[in-house]
Structures are given as structure tokens and as C-alpha cells.
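Here this note's numbering is used: the first residue of the sequence shown is 2, the next is one more, and so on.
From the three backbone atoms N, C-alpha and C, an ideal C-beta is built for every residue, glycine too.
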Amino acid sequence: MDYDQHSKEEILQCLIAADELGLNKLIERIQKYLIDNEYMRKDPVSTLQVTYQHEPFEDLKNYCLDIISEEPRILFSSEKFPSLEKPIITMVLQRDDLNMEEIDIWESFLRWLFVYYLKVNKDDSSWSSEDLTNVQQTIKEYIPLIRFYDISKEDFYLKVYPYKDLLPRDLLNDILRYHMVPNSTPMLNFKPTRNRKVDSVLVKFNIFKLFMRWIDRNDNNSYNEKNASYKFILLLRGTRDGFDASKFHQLCDGRGATISFARIQNSKQVIGGYNPLHWYQNSSYGSTNDSFIFNITDVDNSNSAKLGRCSNSTYAVYYHPSYGPTFGNGHDLNAQGNVWYTSNGNAYSNVNLPSNPTIDEYEVFLVVKKRFMSSRNLLEVIQDLDMAFENGDDYDVIIKVGEDGKELRAHSVMLRARCSYFKRALSNDWEERDDDGNYIFKKQNISFEVFQLILRYLYTGIVDYDQHRKDIILQFLIAADELGLDKLIELTQEYLLNNKEFIYKDPVSTLRIIYQHEPFEDLKNYCLDMISEEPSILFSSKKFPSIEKPIITMILQRDDLNMEEIDVWESLLRWLFVNYLRIGQDDSTCSLEDLKNAKQIIREYVPFIRFYDISREDFYLKVYPYKDFIPQDLLNDILRYHMIPNATPIYLYTGIVDYDQHRKDIILQFLIAADELGLDKLIELTQEYLLNNKEFIYKDPVSTLRIIYQHEPFEDLKNYCLDMISEEPSILFSSKKFPSIEKPIITMILQRDDLNMEEIDVWESLLRWLFVNYLRIGQDDSTCSLEDLKNAKQIIREYVPFIRFYDISREDFYLKVYPYKDFIPQDLLNDILRYHMIPNATPMLNFKPSRWRRSDSVLINYDVFKLLAKWIDKKNDDYTKQNVPYQFTLLLRGTRDGFDPTKFHQLCDSKGATITIARIENSKQIIGGYNSLHWYQNGQYGNSSDNFLFKIIDSKNLNSAQISRICNSYGNAVYYHASYGPTFGSGNDLCARGKTWSSNNGNYSNIGIPNSFTIDEYEVFQVTKKT
């Protein structure tokens, strides 16, 4: 067959026809031709689509996958990539040698997913509910194939976190912990980092293939990234780590086999050598026949490479503390900084190394031998282990399971290796053995079928869940917990979560099992969510009345239980009557003691019933008959609520309010009613209660703010809520209801100077609110008109003055603000760009100062700063957080910047007014002073009548604070000296020298500052008047 006379498409069709006709020899020849001529590179998608559907085309398929793994752009840059079938995407993403950044893999996968399932870029781009369900299911299938831990912190947040709802919660939490907690390691099982092209700036993978051939003494040029026999790990790079010999020995000594190479300055020539031994610095030689040196005159042409093998193994390598990698006696190759000295032909064959070249880069790689097992071999191993389990040959463990003690046989070596329970038991020399010395275990609580499943998993790592009933799988889960098989628990829960019929079949037994086992938390939450959404699953079950008390409690506590409240009440009664009054049982008599118990139990559950949500008629017919079971004051108020038109649940006639008996949303409604009725005293009492029970703001911040901003008498509560939100913005901004908040409320929040958020987060929260309210993104009708866009642009321009754009980093500004440049006034946009692009530029426009954020002081909270502001202004009235007239900017922190006076003067001189705060060692006591002048180091005094010293015994108790103002009108308020830190008075009343501070009263009134003390932290803040 003359292949060259035909197109690739014709040859592929010929290959398919050959398979259909069973022409195996022709299949073999065509595959060889296609591989030798690299046809695959011209149309990788079509080639893969053909090969994956035909089992005999295995060679071509593997070749395609090898090429794609080495050069992924061949596939991922193809216009046909989004049309790939699922099995092909799976094969590609499974590759451990896929040579792409993991974030690029993730984004390519998303691109395929969105086009494949959501029809993005197609004529009909509307998304159906089924589309979204398919996407969610598919993305969960592929999550195990993505190496999320290899994605950078920034890329993860920007490009993965937006899809957080599609990631398993435990994985999401662990990745966040991995990125946010220093030195943390992944806690979950995960796929190892892909074997990408080696991290070299000097040579490409084809050169490393050459190195592998030389190391293995193999003339066959068949290495690729998949079958590469070695892994190369970068230990040192000259321009990154330094060229000094000491750095080489620090990073490379004692690490095992290495390959070292350097680029000759202003050329493409690379020289180097391979050492199969360790490196040392003991001034001796290392002996080996396997080392070599090389000279590659053009790294882009592997044919220019020359290999020099060792001819005198005694002097193969030389160890010396003053030298980098050194080969041979003489020396054939000797690294000394940026100069590598050469002497051809001493211990190695001559490779024409240039004489003593200067190098501009060099790298040292650790060379690690890989271990291989093909998928076919792995399958054979699994089958062999399964056979060993079935046959039980050479067993030494007998496990008697179930009530009848039926026997299973196993091998202790397998049980020890695969199960921590058996490892502990067998390591402790289990006492019970039979006459043949076999270990005997008895597990009467686990059935034969379940334990057989457990053992098959231990031997093969496989569980075929679909072959077993769901009740067996639940028993299997319990057994896995008993035996400490955490991975199996995870796999089984994952299976059950994807096959929810188990909860429909027997919800009571399911809940009974999972609530008793802490590791089943995911399954428990899933079941509770399902039952809350479809309560009939549980409440219509015949077994419902037999459910345990803790389970009924979990259910009734749910705020999202999707039932009429009267049905909740009647279900509770049904459960109560069966369990405590034995109604419906063979012996249905109940004693006085039974009635007392029932009354006590129902009173425990009364707080979970929303009685005010039960209609008047249902309450009278179905609740009132049990009035003796309900607290009298609650009963009276419910009757009043139902009998009096427009009544709200209040205790007006008693003068008493038992707030703790009611949900916080009821109390807020109660507050509104009190305002409507003009009950000022009740408003005061209710606000006081809410101020002392801040969980109401955590529970529903949006509804709370919505209520209080509409009612002028709730000013105290409004300020309290705004203070709390400013201190902990997540209370509001993480709420699902945040996007629904009204414009005046968002304005109040964004105006706050003490909003404790990064400014970029403030900006993105504003955008989220804007998109939902004005562009309807995320709503059922997500289309937005030109008018919507105009409104959004107008609104965002109203809020621009509240955003501190100059406090947003350059990177964040470009990525997250600049895309909305059309919404920002042009002069502001230009000035921000100038500020970021021109070194040392300062803002030219008027702008709001940086927000005061909580984290700026490690010594005092904002209440102390409010007190300091009051002292600075010599006021009697306290400031609120909102009206503090000063901005406090941290200039120095001792533990961060140092305690030396030179550092103080470097950071604080000529900065204007400052406040200095220090903590006495091993105490809560704070000492400090306010200087309204600049600091200098000229050996002179500064005069001011506004300066003061202070002492606070406990920063959390402002009643312990004392102020000491200067005694005379202004003289000698502060002392400037190069050898002192902040120093007050001529005495010196307060003098800082490193960590040792002293006090001698003279110019300031005496407030009992110790004469001499050691501090463990101090801070200096610049004090700036707000405009």
C-alpha cells in the first residue's frame, strides 16, 4: 500500500476498515506508518477520536497520548478540543506526565466543560436546569484528576475558588488551610505532582532524554516523559542560589546521584558531568565507573553532544570545600564560581572542552530512579491478590464472623499492611491461636457478607457497591469505622451521597447509624438536608416513632424544615405518644409517671416549635388540648396573639419580657411593634437585651439592618450593628442575603473608615451587590438591558468616592478593578494607573484616607484608640468608632522592626504627631505617651503643652487607664537624642533604650509608672487629623 498517495483521513478510514475486516497485519503496518510520520500532530482530535474507539489501535492511541503529554498545546490549542468526548478528556487528564501548569489544565477543562455542556459560543447559548446538573455531576467526576495542591494560592483563589460550590467541602477547606497556614501540608489523599518537563532554563527535555540514555548506557532513542527511567529534581541554579562553592555543598552534598551543567557565556554551549555518588567536601576522591562528562556545543541540536566516559575510576570525582562539582584528577572539569577550569583527557575521554570558560548560568539536578508498573501489570497484581483471598492458601488468620461464627481466612501480612486495627492487634502478639498457630479473631457483630467485602477491599482496593443492598453498604460503613479504615469510609460515603435512594428506603435506620458515628458527618449532613427538603421521607416512615431523642432534636432544630408547623407539632406528638405513653403498643396503659415524663419531654421540645406560625384554628383544635404540656405564660401569649387583631407576640400586660423563650427574629418584630405603640421603655429594654446578645446580628444581619435603619428610635442598635459589622465584616458580606440589601444600608457601610476589610474585598462586594440588584445576575431572569447597564454605571459612580482605590495593590487593581474601567471617572482611572506605574508616585487627586483596620495594633483594641483620641482633644465625652477624628497609622512595631533607637529614628523622625505604646514584660500593663511634635535626634528638647503620658493596667478595662499631662505650660515636653527611642521630659519622665525603659518624674504628673522595666513589645503610630 502506497500510503504517501493518500490523505491522512483516507488512511484513518483504511485503518478502521482493516479493523472491521480483521486484517491485523495491515492494522500493525498502518499504525507504524502513522507513528513514524507523526500524522497525529496535524489533527490530534480526529486521531484520538478514531483510536480510542478501537481496541486494536492501542499503539497509536498510546503514541498520541505520549505526544500530547509532552506537547499539550497540540491538543489544547486545537479548535476541535471542546468537541472531545468524555473518555478522551479522562484519558488525557489522568496522565501523570501531562506537561502543563495545573491551573492551565483546570482552565482548559472548564473551557471544554462549558462548551460541551453549556453550549457556550454556540448559537443557542441558553442554559437549562439539566445543563447545570450535568455540569455539576461531571465536574465532580473530574475533581480527583486535578492536582489542586499544585495550583498557586493566587490562581486557586482567582480561578478555582469561584467554583467552590462544585468542590467537595473537605477538599476546599484543606486547600485553603494548605495555602493560608504557613508550613502546612495536605491532609487529604491526593494525586502526586505531574511529572512535567524538568525545571531547567538551560536545556529542554530532549537533552534530558540524552542524559538518561548515557546513564543507562542505552543507545535506543525511545525515551519519553512517560517511560523516562529517571526523575530530575532541581537542587541549585546559579543565578537563583549563587555560584559560590559553599552554596553548592549546602544544597547538593549527601543527596545522591546528580547531573551538573553550565552554559558558557554568550553562547548556546553547555558543558557538565554526571556523578552517581554523593557529593562531599572532605578533600578526597570518589571512585566509580558510571560517571561521565559531556560537551554540547548547541543545546538546540542534540547531535552536537559529545560524551566522555570515565577512564580512571579511582579519580572519577573530587570533593573539596572550595570547589563546586569537580570531575577527574587534573582536573578534567572543575567549577570555581563563574569560571569552570578544564583539562582534557586526564580521567575521562577527550570531549574537546573549551579552555577555562566563563559561565553565566549553571544547574545541578538530583537524579532519581523511577519505579514502573504498567496498568496491565497492576491489574494482574490485583487479580492475583483477589485469587489469594478467594483460595486462602497459606492463610495464618481465621476470622469468625456473625452470630454463627462462620469462618473467613486471611493473611496477616496483608492485614497488617492495609488496616491499622489489625496492625495493632497482630503487633501485640494476639493471644488466641489455634493448634496450627493461626491467629483467631471473633467479630460476631459483623455479618459474613460485610466482612467478606471488607477483606476483598483490603486485598484489592476495590468495592463493587452496586452488587449489594444499601442496608449491607451501611453495615459495611459501620465495620469500616470499627476497623479504622478512613479511606474506605470516605469512598463509601461518596458512593452513598451519589445514590440517595438509600435514605428513601429506610431513613430511620440510616439516621440511627450515622448519628452514632462521628466520621459519618458528611453523610449525616446530607441526610438532614434531604429530610429538611422532603420531610415526608422520614415523617411518613412507619419506623419514625421509634427514632431516638437526639435524632428528633436534630430534625426539629432545623430552620429549613419544609413542613407546616402544625404538621411538625403533630409529628412530635405522635413520636411522644408512642415512646413515652406507649400508645399503639400491645400494652397501651400509661401510668402517672409516664404522663410526668411526657410532660417533661414535650417541654424540652417546646422551644423548637414555632407556635406563632400555627393558624388560630389549628392551634385551638390541635395544640390547645395539650395546654397542660405548654408553659402557662407562653400559652397565654399565644392565645392573646390569636384573639386580638394585629397583636404581636408581646407580654404587654405583664410588664415582663422573657426574651430567651423566643427566636431573635420574633424579638426584632417585637421591637418594631414596641416602636409602633410608642413604648419607649420597652424599646430601651429590648435594645439593651439585643446589645448583650449579639448572635442576633450573626444570624440574619441583612434583616436586622433593614429593620433598624427604618426606625429612628433604634439608633443605639444601629450604631452597635454597624460597629460589629465594621469589626467583623464577614457577618454581613458572607450572608446569602447581602446582595438584597438596600442602597442606604450599603452606603452606611461603605462610608465607614473603620471597615475591617481589604479594600479589594470591599470593591468586589460592592460589585456583587451591584450585579445582583441592577444587572440581575444570579436571578431566574438574568438578562439585562441597555437601560440596566446605564443604571449600574450611574450607581457605581455614586459609590466610587467611598472606595479607597489607592489602597488596592497594583495586581488586584489590574485584575479586579481595571476590567470595569468604563465605570470609573477617567481622571481617577488615569491617576491610579500613574500611581501604580510610576515609581514613588503619590496620588494627585483628593481621596479618602486608608481605613482603620483592626489588625494594625497587637497591643490595644480600638476602644483604647478612642480613649487616646479623647485625651488628644482634651474632651470629656467619649468618641464612637465612627466619629473618631484621627487616623492612626502604624510606623514601627518592635518585634517586627527592632527595638534599637536607630530603627525608631529611621521610621518615625519628621513624621508629625505620634503615639507610642509599650507593654511591660509578662503583664497586661501598657505604658506610653503622645508627642504632638516631630521626632528628631539633635540632642535638644521639644516644647508643647499638648503632650501627655499614660498608663493602662489592663487594656481591656479602660477604668484602669490614667493620664499624665505636662506640669508646666509647655517646656521640655520631649527629648531628641540619637541613642534614645521616644523620650518624654527632661528627667526623663519616660525614656526608651531598646527593651529597657525608665521613668523619673519631673515634667509630667506622677501616675505610678515603674522606675525601670523591661518591655516585650512596643508600637509607634502616626496621628493624622481626618479631613
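The DSSP assignment places 103-119, 130-143, 170-181 as complete runs of the alpha helix (DSSP H) inside the region 97-181, in order along the chain (cut-off: 4 residues).
For the set Asp156, Ile809, Phe206, the Cα lying nearest the Cα of Asp301 is the one of Phe206.
Gly438 counts as exposed, since fewer than 16 other beta carbons sit within 10 angstroms of its beta carbon.
The region 490-506 makes no contact with the region 412-432; the number of CB pairs closer than 8 Å stays below 3. Note on geometry: alpha-carbon atoms of Leu718 and Leu672 lie some 11 Å from one another. At least 9 Å separates the beta-carbon of Ile399 from that of Glu391.
Between the region 235-249 and the region 184-192 there are fewer than three inter-stretch CB-CB distances shorter than 8 Å, so the stretches are not counted as touching. Note on Met388: under 16 other CB atoms within 10 angstroms of its CB, so exposed under the neighbour-count rule. Using a Cβ distance threshold of 9 Å, Tyr363 and Phe244 count as a contacting pair. The C-beta separation of Gly1003 from Ala993 comes to about 16 Å, leaving the pair out of contact by the 8 Å criterion. When the beta-carbon positions are compared, Lys849 and Arg798 stay at least 9 Å from each other. With a threshold of 16 other beta carbon atoms within 10 Å, Arg617 falls short and is exposed. Here Ala336 is bridged, per DSSP, to Trp341. In this structure, Lys952 and Ile1010 form a Cβ contact; the two beta carbons are roughly 6 Å apart against a cut-off of 8 Å.
Sequence-distant partners of Ser109 (beyond 5 residues in either direction) whose C-beta falls short of 6 Å from its own C-beta, in its chain, are Phe77. Between Ala599 and Leu573 a beta carbon distance of about 11 Å is seen, past the 8 Å cut, so the two are scored as non-contacting.
Annotation for Phe293: no alpha helix (DSSP H) segment contains it, though the beta strand (DSSP E) segment containing it runs 293-297. Shown here, Val352 sits in coil according to DSSP, grouped into three states, outside any helix or strand. Note that the C-beta distance between Leu235 and Leu27 is not below 9 Å.
A Cβ-Cβ distance of about 6 Å is found for the pair Tyr887 and Lys1027, placing them in contact under the 8 Å criterion.
In this structure, DSSP gives Phe442 an extended state, which the three-state scheme calls strand. In this structure, Leu478 places its C-beta atom within 9 Å of the C-beta atom of Leu497.
Inclusion of Ile567 and Phe630 in the CB contact set at 9 Å is not warranted, their separation being larger than that value. Annotation for Thr705: no beta strand (DSSP E) segment contains it, though the alpha helix (DSSP H) segment containing it runs 702-710. In the structure shown, Leu237 adopts extended strand secondary structure according to DSSP, grouped into three states. With contacts defined as CB atoms closer than 9 Å, Pro520 and Met564 fail to qualify as a contacting pair.
Counting of Cβ neighbours within 10 angstroms places Ile747 among the buried residues, the total reaching 16 or more. Linking Tyr527 to Ile514 through their CA atoms gives a straight-line distance of about 14 Å.
Residue burial is scored here from C-beta neighbours: His7 has fewer than 16 other C-beta atoms within 10 angstroms and is therefore classed as exposed. Residue burial annotation: Asn174 is exposed, with fewer than 16 other C-beta atoms found within 10 angstroms of its C-beta. By the neighbour-count criterion, in which 16 or more other beta carbons inside 10 Å mark a residue as buried, Asn296 falls on the buried side.
Distance from the CA of Asn989 to the CA of Leu172, rounded to the nearest whole angstrom, comes to 59 Å.
One thing to note: Gln938 has its Cβ within 9 Å of the Cβ of Tyr977.
Counting of Cβ neighbours within 10 angstroms places Met758 among the buried residues, the total reaching 16 or more.
With a beta-carbon spacing of about 6 Å, Ile260 and Phe212 fall inside the 8 Å limit used to define contacts. Contact check for Ser965 against Trp936 fails: the beta carbons are separated by 9 Å or more.
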